[in-house]
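Numbering (the numbering used here), first residue to last: 103 to 415.
Printed below as a string of structure tokens:
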């Protein structure tokens, strides 16, 4: 299989818009049903061999243990309980409204009680429209959805490889349903004193210094897929640091600077995987140097911290 197949945003924009809202429906169920973890680590999805999973939820909130999976090979949503019961339905041929209705009915049929506090999209143009009323978004191209999952799977493993090089606190590699990107985040142990007016979602996500690395499929603000990295809080002079490969660049976004390697540039590199790893490493070192992190002390070459194993023979 080709590494990083072509994924132009314009080709699947309508399908992506529908799938993004499907993901938000399930993501909000995940948010309501999982055990809370620091920095919202309980909220995102994780990859499987056929799609995405919420991982098991329930029990702590009184519900049976259940899992919701997107199968992007068979193109079905599967809701399963730990005792082997399952309800599934096709993803194609659905509007957001019918998907929402069928998902909530599946949970009810399995005896799962879930209340979504705000059953509307988060941070999307139609955030004031309930899922139950959205018959507009109903595009679903199975071939493009499968390609999306395959690209996501490839990026996931590159991020896993990059994550292995850090011995400090680091998030899992996870897929965020609210922004529709995949990322992992490295943390320092220094707390961030945020202004009181900062919203609670941001306060928890950025309560420590972070350097985050990820990939998104493009949106209205940046209409093409790209690999990215940012440091928060952003240290002075970050955008003056060199990035690899030469096609990578700093762009201004939301009052700060984002390191970006366009997907098209990574695909055209002689070794795309090596180009992406070099990009992530250069952006991390840029942020870590400027923020004063212990780069050497936090390094974890080959995913090993045992000095007996890392010592030269």
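Beta carbons are placed, not taken as given, at the ideal position from N, Cα and C, and that holds for glycine.
In angstroms with no decimal places, state the Cα-to-Cα distance between residue i and residue j.
i: residue 390; j: residue 336; result: 10 Å
i: residue 298; j: residue 305; result: 9 Å
i: residue 289; j: residue 360; result: 17 Å
i: residue 138; j: residue 302; result: 14 Å
i: residue 326; j: residue 409; result: 43 Å
i: residue 396; j: residue 402; result: 12 Å
i: residue 204; j: residue 127; result: 11 Å
i: residue 105; j: residue 374; result: 8 Å
i: residue 300; j: residue 372; result: 43 Å
i: residue 111; j: residue 269; result: 35 Å
i: residue 347; j: residue 341; result: 15 Å
i: residue 291; j: residue 318; result: 27 Å
i: residue 114; j: residue 267; result: 34 Å
i: residue 156; j: residue 411; result: 35 Å
i: residue 322; j: residue 201; result: 24 Å
i: residue 404; j: residue 398; result: 14 Å
i: residue 407; j: residue 392; result: 25 Å
i: residue 58; j: residue 168; result: Given a span of 103 to 415 for the chain in the structure shown, any question on residue 58 remains unanswerable.
i: residue 388; j: residue 264; result: 15 Å
i: residue 233; j: residue 222; result: 5 Å
i: residue 142; j: residue 242; result: 29 Å
i: residue 206; j: residue 377; result: 43 Å
i: residue 296; j: residue 262; result: 30 Å
i: residue 386; j: residue 214; result: 42 Å
Could you tell me which of the options sits nearest to residue i, measuring between CA atoms?
i: residue 310; options: 329, 271, 281, 327; result: 271
i: residue 185; options: 353, 378, 212; result: 212
i: residue 174; options: 398, 121, 308; result: 121
i: residue 380; options: 315, 333, 407; result: 315
i: residue 92; options: 275, 383, 131, 116; result: In the structure displayed, the chain extends from 103 to 415; residue 92 sits before or after that span and is not available.
i: residue 282; options: 108, 109, 146; result: 146
i: residue 224; options: 264, 339, 125, 153; result: 125
i: residue 133; options: 103, 192, 220; result: 220
i: residue 183; options: 192, 171, 194; result: 171
In chain order, what residues of the same chain lie with their CB nearer than 6 Å to the CB of residue i, ignoring the 5 residues before and after it?
i: residue 367; result: 349
i: residue 236; result: 198, 199
i: residue 239; result: 119, 120, 123, 198
i: residue 363; result: 329, 350, 381
i: residue 278; result: 146
i: residue 152; result: 173, 175
Going by DSSP, what residues sit across from residue i in a beta bridge?
i: residue 153; result: 173
i: residue 76; result: With the chain covering 103 to 415 only, the question about residue 76 has no answer from this structure.
i: residue 159; result: 168
i: residue 401; result: 268
i: residue 147; result: 277
i: residue 183; result: 168
Please list, in chain order, all residues of the same chain as residue i whose beta carbon is under 8 Å from its beta carbon, the five residues on each side excluded.
i: residue 255; result: 149
i: residue 107; result: 249, 252, 253
i: residue 425; result: Here the chain covers residues 103 to 415 and nothing more, so residue 425 does not appear.
Excluding the five sequence neighbours on either side, which residues of its own chain have a C-beta within less than 7 Å of the C-beta of residue i, listed in chain order?
i: residue 294; result: 308, 309, 310, 311, 335
i: residue 135; result: 159, 160, 163, 165, 216
i: residue 189; result: 181, 208, 211, 212
i: residue 144; result: 136, 137, 138
i: residue 339; result: 392
Is there at least one non-hydrogen atom of the ligand GDP closer than 7 Å to the beta-carbon of residue i?
i: residue 288; result: Among the ligands in the structure shown, none appear at all, so the ligand GDP cannot be discussed.
Item to check | Inside the segment 322-376 only - beta strand (DSSP E) runs reaching at least 3 residues | outcome: For the segment 322-376, the full-length beta strand (DSSP E) segments reaching 3 residues or more read 328-334, 351-355, 358-364 along the chain.
Next on the checklist: Going residue by residue through the segment 256-331, where are the continuous alpha helix (DSSP H) segments of at least 4 residues, counting only ones entirely within it?
Outcome noted: For the segment 256-331, whole alpha helix (DSSP H) runs of length 4 or above, ordered along the chain, are 302-307.
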